[in-house]
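**Student:**
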Amino acid sequence: MTTGNNPTLHYPLPPFVEQPQQPPGLASEMKPLPDHGETSYTGSGKLAGKKALITGGDSGIGRAVAIAYAREGADVAIGYLPEEESDAAAVIALIQAEGRKAVAIPGDIRIESFCDTLVEKAVAELGGLDILVNNAGRQQYCESIEALTTAAFDATFKTNVYAPFWITKAALRHLSQGAAIINTSSVQAFKPSEILLDYAQTKACNVAFTKSLAKQLGPRGIRVNAVAPGPY
């Protein structure tokens, strides 16, 4: 039996440092800094010549996807909130460092008209669209349904459910055979936490949306899949 490095020891272990930021927060202010693949991911040209739009591409999973796609040869547009400009600028620089075209499109995807603008700007700047990644999401901690306000509930659904619907509809004007749509769901869709009542509902919605849409678009040669990240 061979032995090697223990992968569980390669990353920070709990207890973690509290992050004194208000949502949505900035990756650049987290301690320790998160690893999005900036120095650890090596591409091999799997997406050479492709054009991708990633929502929530400034930090977290979205940033990691943007970096990976650029290193695989894709030109990338990212959507993000205006208050996340410093994080977005860092991602744009990382994409450009790979010799790929990078497009930054700030705005609020809870607004239907912006979702249409987001897609049209991405298509215009990239010269087309092959991949859509519906990644942007809103998550909030709430201990009881009584404490969950209608405004907060609505904001979570607008971000996590309405926005992917609006953006996908707009993108389908430009996606053709061979294109791909990827939705970020969560293990919360299958193992919901009591403190993430609204978020868990939206992630279950994402799964159903993905399965139904895959049946609609499969005959058109467009793949639709979801990923469900989580700690379990």
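For the sequence shown, position 100 matches number 100 in the UniProt record's numbering, and the numbering has no gaps at all. We treat Cβ as the ideally placed atom computed from N, Cα and C, and that holds for glycine. These numbers come from a predicted model, not from an experiment.
1) DSSP three-state call for THR55: helix, strand or coil?
2) In or out: ALA163 buried (at least 16 other Cβ within 10 Å) or exposed?
3) Can you look up LEU213 in the DSSP assignment and give me helix, strand or coil?
4) By a C-beta neighbour count over all protein chains shown, 10 Å radius and 16 as the cutoff for buried, is HIS36 buried or exposed?
5) According to DSSP, LEU132 sits in a beta bridge with which residue or residues?
6) Pull up the DSSP beta-bridge partners for TYR80, would you.
7) Run through the DSSP bridge pairs and tell me what ARG223 is partnered with.
8) What does ASP75 pair with, by DSSP beta-bridge criteria?
9) My assumption, with CB atoms under 8 Å, is that ILE109 sits in contact with VAL76. Please give the rounded CB distance.
10) Distance check for PRO32 and PHE114, CA to CA, integer angstroms please.
11) Does the Cβ of ILE195 have 16 or more other Cβ atoms within 10 Å, making it buried, or fewer, making it exposed?
12) Please report how far the alpha carbon of THR159 lies from the alpha carbon of ASP198, in whole angstroms.
13) Keeping to the same chain, check which residues put their C-beta closer than 8 Å to that of ARG223; ignore five residues upstream and five downstream.
14) So ALA136 packs on GLY56, CB below 8 Å; how close in whole Å?
15) Here's the rule: buried if 16 or more other CB atoms are within 10 angstroms of the residue's CB, otherwise exposed. What is TYR69?
16) What would DSSP say about residue 288, mapped onto helix, strand or coil?
17) Below 8 Å on the Cβ atoms is my contact criterion, and I expect ALA52 with ASP130 to pass it. Report the Cβ-Cβ distance as a whole number of Å.
**Tutor:** If we stick to the structure as given:
1) strand
2) buried
3) helix
4) buried
5) LEU53 and ILE181
6) PRO106
7) ALA180
8) The partner list for ASP75 (beta bridge, DSSP) reads LYS51.
9) That belief does not hold up - the Cβ atoms of ILE109 and VAL76 are roughly 17 Å apart, past 8 Å.
10) 33 Å
11) exposed
12) 11 Å
13) Once the five neighbours on either side are set aside, the close Cβ partners of ARG223 are ALA179, ALA180, ILE181, ALA214 and LEU217.
14) 3 Å
15) buried
16) The shown model of the chain, from 1 to 232, leaves out residue 288, and the question about it has no answer.
17) Yes, ALA52 and ASP130 are in contact; Cβ-Cβ is about 7 Å, under 8 Å.
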